Each structure stands twice: as structure tokens, then as C-alpha cells.
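Heads up: the sequence shown begins at 6 in this note's numbering, then just goes up one per residue. Glycine included, C-beta positions come from ideal geometry on N, C-alpha and C. Keep in mind that this is a model prediction, so the values were computed, not measured. Data first, discussion second: the structure below is written as C-alpha cells.
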Amino acid sequence: MSFHSLVEAMRAAVSGRTLHYGLVGLFFSPYLAAESRIEEVIVTAQKREQSIQSLGISVQALTHEEIAARGLNQASDILDQFANVSRNAANGINAGYTIRGVGTNNFHGNVARAVSVYNDDVSLNNPYAGSTSVFDLERIEVLRGPQNTLFGRNAIGGAVSYISRKPELDAGTQGYLSVDAGSFGFLQAEGAVGSDLSDTLATRLAFTSTRRDGLFNNVAANSDGEKLGRKSLDAGRVQLLFEPTDTASFLVKVHHHSHGGSSVSNKAIGLRDPNDPSQPCDTQRIAAGSDFQQSVNCVTATGFNPSSDEWHQLADVSPASQEVDVNGATITAIFDMANHIQLTSISAIENTTVAFSEDLGAGDQLRFIAMQDAEFEQLSQEWRLTSPADHSFRWIAGLYIFDENMRQNTNARRVQISNGAPITAYNILDQDEQDYSVYAQTDYDLTAATSLTLGLRYTENRKSADSLFGVVRTPEADYPATTFIDQTIVTALTGDSPGQCPPPVGGIPCTTDLGRIRQYTDELGHNLRVSHQATRDLLLYGSYSHGFKSGGFDTRALAAFAGTANTPVKPEYLDAV
6 MSFHSLVEAM RAAVSGRTLH YGLVGLFFSP YLAAESRIEE VIVTAQKREQ SIQSLGISVQ
66 ALTHEEIAAR GLNQASDILD QFANVSRNAA NGINAGYTIR GVGTNNFHGN VARAVSVYND
126 DVSLNNPYAG STSVFDLERI EVLRGPQNTL FGRNAIGGAV SYISRKPELD AGTQGYLSVD
186 AGSFGFLQAE GAVGSDLSDT LATRLAFTST RRDGLFNNVA ANSDGEKLGR KSLDAGRVQL
246 LFEPTDTASF LVKVHHHSHG GSSVSNKAIG LRDPNDPSQP CDTQRIAAGS DFQQSVNCVT
306 ATGFNPSSDE WHQLADVSPA SQEVDVNGAT ITAIFDMANH IQLTSISAIE NTTVAFSEDL
366 GAGDQLRFIA MQDAEFEQLS QEWRLTSPAD HSFRWIAGLY IFDENMRQNT NARRVQISNG
426 APITAYNILD QDEQDYSVYA QTDYDLTAAT SLTLGLRYTE NRKSADSLFG VVRTPEADYP
486 ATTFIDQTIV TALTGDSPGQ CPPPVGGIPC TTDLGRIRQY TDELGHNLRV SHQATRDLLL
546 YGSYSHGFKS GGFDTRALAA FAGTANTPVK PEYLDAV
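And the structure:
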């Protein structure tokens with residue numbers, strides 16, 4: 006082990022980071038690249054293949070060669086390679102991105118993100134898309150926003166686009182297998198194999214699998230010794246390419262992703278005097294607790310001291326559930342038409358199920374546990390026409406249709422007592438979203454070195470939902486703190502409870518049915534850009550663009566009790582120069 010590796014290992018041991026080393030790398034191919042250095046990067050950031058050096062937008066890309074050379078195998082590691090890009094995570098599975106300071110960090114799964122995530126030209130609308138695995142990639146592209154003209158609503162911050170490696174005709178059999186192992190029982194395997202089955206048919210199969218032990222020990226009495234932060238991930242992708250003629254191509258992709266394990270609670274510091282929990286603790290002792298490797302002699306209201314000089318100790322009384330399952334399929338058809346115009350059709354279906362819980366109290370007793378269980382069913386269809394790339398006047402035009410049904414249950418289980426029992430406030434949101442948009446973008450070469458770009462996109466975004474709020478008693482004798490309280494439980498406990506939970510909450514159980522709430526948004530996004538290729542290595546450009554992020558509905562129990570839950574959250578708009 007080199008000195009640098011030894012230092013990294015010591016740092017990982019202190020910080021709790023998983024440190025891993027490549028153990029096995031196996032590559033087989035009938036061809037060997039003559040030159041490892043890539044002179045030119047081709048991207049599809051503008052829905053056609055172009056050299057990144059001649060593209061007048063702010064975009065970065067990583068190719069699969071660069072990803073492999075740097076040993077990157079997790080989304081967070083990969084995105085660390087891009088400037089002005091950060092990953093914001095409301096929890097272990099609800100993650101989005103921030104680009105140049107524009108992003109969204111929100112616990113609720115119905116909240117639209119400001120940075121779009123695309124996988125092979127398919128928009129991944131729900132916020133749990135950020136937790137899906139990235140493997141066997143041809144390229145990752147990060148576009149700074151707004152990018153509403155070609156990528157649609159919810160791209161005011163930009164877009165992160167994952168492009169999978171595709172099957173290849175006349176390429177023989179090729180593939181790879183790699184295995185990484187490291188600290189905390191980390192073990193990851195990734196591989197792929199591609200083969201041409203005939204002159205017109207080729208396939209590619211890829212997979213990844215990751216296991217990691219929990220980084221933290223649970224010291225809560227009801228779960229003493231439980232490992233928190235365990236990770237279990239399995240994902241696979243099967244693609245079939247069929248090219249019956251020189252002018253027609255069909256690509257079918259089926260993929261699965263399963264993310265399991267246990268969530269991680271919060272590190273906490275007591276605020277009360279250990280000798281008399283009714284009194285505050287000394288402020289100097291509390292301040293010393295900012296170092297989580299130093300035990301602080303302050304306690305909670307129950308007399309429990311949550312601090313420890315061991316960084317890997319946490320108190321979590323919740324179910325600590327962290328489950329995401331994603332299944333989907335895409336059919337991409339490309340036809341070369343008259344005058345070298347290309348027609349592309351992309352049909353996709355995505356289904357995502359989620360179960361997540363988090364202990365926000367960080368003590369040895371139930372104080373506040375947040376839980377979500379949800380299902381997202383998404384259908385999308387895009388048609389686009391693209392002109393030849395070698396003309397002085399180039400254009401692209403398209404039609405996009407999106408439909409999603411989401412049923413989400415959000416629970417807040419609290420120590421607040423009603424007739425001797427903790428309560429659970431909940432919201433069940435049954436939401437339908439439709440998006441219809443038509444777009445066009447033109448590029449015109451004013452001179453051999455200067456071009457003008459104009460793009461427009463008209464969008465109709467429709468959201469409607471049935472929103473139900475309620476409060477029920479959840480006695481620990483019947484429902485221990487480790488019970489995952491889902492939609493089925495709260496619905497059964499509500500029974501024939503009276504309507505309209507008044508502020509403050511009156512009788513329990515109670516319900517408030519907001520009925521059908523709606524939000525309609527019509528918007529015209531646009532971009533205007535002038536580019537000048539001064540030299541082969543120097544491109545100058547200026548741009549002005551406008552985009553929007555769709556609004557939504559407030560699912561917080563606090564909003565229901567305040568009487569504002571039936572007022573939709575307004576869309577956000579961004580203009581950038």
C-alpha cells in the first residue's frame with residue numbers, strides 16, 4: 006500500500022467513510038484501443054451528437070473511460086468530479102442535485118426538483134431517482150440551467166443525464182467484470198457483456214451489486230446492537246438492439262433497481278442538566294458537543310445522554326427502513342426519413358415503490374419519527390424530428406407527453422400524548438400529473454465561425470390530487486416504536502372518525518379531507534444564444550434563457566392544521582444570462 010493509500014485509510018477510519026480497493030478487473034474484447042487519450046468528447050446535450058468543444062452551452066461530461074480510470078462506482082463519487090454540482094439529500098434515498106446554487110432539498114416525495122435527472126433520454130420525475138445506481142455508463146453529462154427548451158419543466162437548475170452503454174452490431178463479444186472490496190464489509194461487483202446475435206441483432210446485459218455493513222451501532226434499548234447504515238443494492242439492465250434496415254433502428258431496454266438496508270439516525274447532544282433534567286445544561290458543555298468524538302455530560306428530558314466519544318454510536322428507536330424498488334422499460338425507435346431527416350420515438354414506463362423511516366429524536370425513546378411509503382407509476386412518450394447536422398440551418402422539433410400517478414403516505418409519529426398514547430399525524434396524497442409540451446430549436450450559421458440559436462418550448466402542466474389529513478393514536482403497547490406505520494395502518498385506525506381536524510387538534514382520531522385540489526400551469530420557456538468559434542480551442546458564447554419548475558401541494562400536517570394545505574405551492578421561474 007502506498008503512503009497516500011495509508012493516509013486515506015486512516016482518514017476513512019476516523020470519518021466513517023467506506024474505503025474500497027479494486028480487487029479484480031477483467032476486460033475482454035477482440036479489439037484494443039490504439040490510443041488511450043481521447044482527443045474529442047461527443048455529447049448529446051442538444052439531442053444530437055456534437056463535439057463538446059463546439060457546443061455553446063455550459064456542459065461537462067465524463068466518458069466511460071474516465072469513469073473507469075478514476076475508479077468511480079457511486080453516483081456521489083461521480084458527481085464530485087463536476088464543478089458547481091452538489092448532491093443534496095433529504096435522507097438516504099431522497100436525493101437531488103444542486104447546480105450553480107439552484108436545487109431543491111425537501112423530505113416530501115411529491116416535490117418537484119429544480120434539476121432534472123434523465124436516464125437514456127427518459128425523465129425520472131420522482132425525487133428517489135437520485136438514489137438509483139449508475140453502472141455500465143457510456144457517459145454522464147451535466148448541463149447548467151435553465152434547460153427547459155429541450156429538457157422541459159423542472160430543469161431551471163440544469164439537467165443530469167446518464168447515458169448507458171448500448172449494444173453494438175459487428176463488435177463481437179466484449180465486456181468486463183470488476184470487484185471492489187473495502188472497509189465495513191464493503192463488497193461491490195459490476196459487469197457487462199455485449200454480443201451481436203446476428204447481422205441485425207445485438208444485445209447487452211449489465212449488472213451491479215453492492216453490500217456494506219452498517220457504519221453505526223444502535224445504542225437505543227429497543228434495538229441495542231442493531232447496525233445502522235447497512236446497504237444492499239442490486240441492479241440490472243438488459244438491452245436488445247434490432248436494425249432490420251439501414252434506415253430503421255429499435256432499442257428495447259428493461260431495467261430493475263433494488264435499494265435496501267437501514268437508514269441512519271441523527272447525532273444528538275442533550276440540552277439538560279444530568280443532575281436535574283428540568284434545568285438547562287451548561288452552554289459551554291453543549292458547545293463542546295459539536296465534536297461528535299467527545300462525550301458531553303448533558304441529557305435529554307428523560308435523562309438519556311445521547312452523546313458519545315465513539316463516532317459510530319447512534320440512538321435510533323425507529324424501524325430504520327430504507328427501501329426503494331424501481332422497474333422500467335423503454336423502447337427507442339429511430340427512422341431515417343427523406344432529406345436525411347431523422348424521426349425518434351421514445352416510449353417509457355417507470356414504476357417506483359418506496360418505504361422509508363427516520364428517527365428525528367435521536368434519543369432512547371420515541372419522540373419524533375418520520376415515515377413515508379409511496380408508489381409512483383410513470384408513462385412518457387416523446388417524438389422528435391431532427392434535421393441533418395451538416396447544414397447551415399439546423400433544427401429540432403418535438404412533442405412530449407408525460408403522465409404520472411402517485412399515491413404517497415407521509416406519517417409523523419410524535420410523543421405528543423392523547424389519552425396516554427403517542428399520536429401519528431398523516432397525509433395521504435393521491436396525485437395525478439400530466440405534462441404536454443411542444444418544442445423547437447434552430448441553429449443558423451451567420452458565418453463559418455458564428456451561429457445563432459433560438460429555442461422555444463410551450464408546456465401545459467396539470468396536477469390534481471385528493472389530499473387527506475388525519476390524526477390517530479398509536480399506543481406503543483400495540484405499535485412499538487420499531488413498527489413501520491404505513492398507509493394501511495393509519496387508514497384502519499381512522500375508522501369512522503369525525504371530519505375536519507380543527508386547529509389546534511381536537512378530537513382524536515380525526516380527519517380532514519381537502520377533496521380534489523388542482524394546479525394548472527401554462528408556460529413558454531425559451532433560450533437565445535450566439536456562439537463564435539474563435540479558434541479550434543476557443544469558443545465564445547453568450548446566452549439568455551428562461552425556464553420554470555412546476556409547483557405542487559403542501560402535504561405537511563402543519564399546513565392542514567393552519568388551514569393552508571389546499572393552497573397550491575406556486576411554480577418557480579428562473580431567467581439566466
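How is the beta strand (DSSP E) around residue i delimited, first residue to last?
i	result
H537	515-540
R242	236-250
T208	206-217
N222	221-223
K554	543-554
E146	142-149
V90	90-94
E45	Here E45 belongs to no beta strand (DSSP E), and DSSP marks it neither H nor E.
Q505	It is not in any beta strand (DSSP E) - Q505 carries neither H nor E in the DSSP assignment.
E380	373-391
E577	577-581
T429	426-450
Q193	191-201
S188	That residue, S188, is in no beta strand (DSSP E); it is neither H nor E in DSSP.
V107	Per DSSP, V107 belongs to no beta strand (DSSP E) and is neither H nor E.
V122	120-124
Can you tell me whether residue i sits near the ligand FMN, meaning its C-beta is under 7 Å from at least one heavy atom of the ligand?
i	result
Q421	The ligand content of the structure shown is nil, which means the ligand FMN is not present either.
Going by DSSP, what residue range makes up the alpha helix (DSSP H) through residue i?
i	result
E173	Where E173 is concerned, there is no enclosing alpha helix (DSSP H), given that its DSSP letter is neither H nor E.
F566	562-567
I83	80-84
T1	The chain is shown from 6 up to 582; residue 1 falls before or after that span and cannot be answered.
I72	69-74
Would you kindly check if the distance between the Cβ of residue j and the Cβ of residue i is under 8 Å?
i	j	result
V48	L67	no
A482	D369	no
G157	S442	yes
H396	V331	no
I490	I428	no
G520	N153	no
G460	L155	yes
Q583	G366	Beyond the ends of the chain as shown, which are 6 and 582, falls residue 583; an answer cannot be given.
P311	A360	no
N416	S555	no
G199	R209	yes
T205	E248	yes
R2	V420	Nothing about residue 2 can be reported from this structure: the residues present for the chain run from 6 to 582 only.
S550	L544	no
D341	T252	yes
For residue i, does the three-state DSSP call read helix, strand or coil?
i	result
N99	coil
E465	strand
I494	helix
N130	coil
S268	coil
Q58	helix
S63	coil
S228	helix
T488	coil
T499	helix
S397	coil
S138	coil
A470	strand
R419	strand
E409	strand
L365	coil
H113	coil
E355	strand
S20	Confidence in S20 is poor, its pLDDT being 40 and thus under 50, which makes the residue's placement unreliable; the coordinate value appears in the next sentence. Reduced to three states, the DSSP call for S20 is helix.
F87	coil
L37	Caution is warranted here: a pLDDT of 37 is assigned to L37, below 50, making its placement in the model unreliable, and no coordinate value can be reported.
K588	Because the chain is modelled from 6 through 582, residue 588 falls outside the range shown and cannot be assessed.
I161	coil
Return the Cβ separation of residue i and residue j in integer angstroms, given the expectation that the two are a contact with Cβ distance under 8 Å.
i	j	result
Q65	V165	In fact, because the Cβ distance is near 10 Å, the residues do not count as touching under 8 Å.
T458	R534	4 Å
H260	G234	With 8 Å as the limit, H260 and G234 do not qualify as a contact, their Cβ atoms being about 26 Å apart.
G162	G108	5 Å
S362	A325	6 Å
S169	Q193	The Cβ separation is near 18 Å, so there is no contact.
(message) Suppose only complete runs of 4+ residues qualify. What are the alpha helix (DSSP H) ranges in the segment 270-349, listed by chain order?
(response) 288-293
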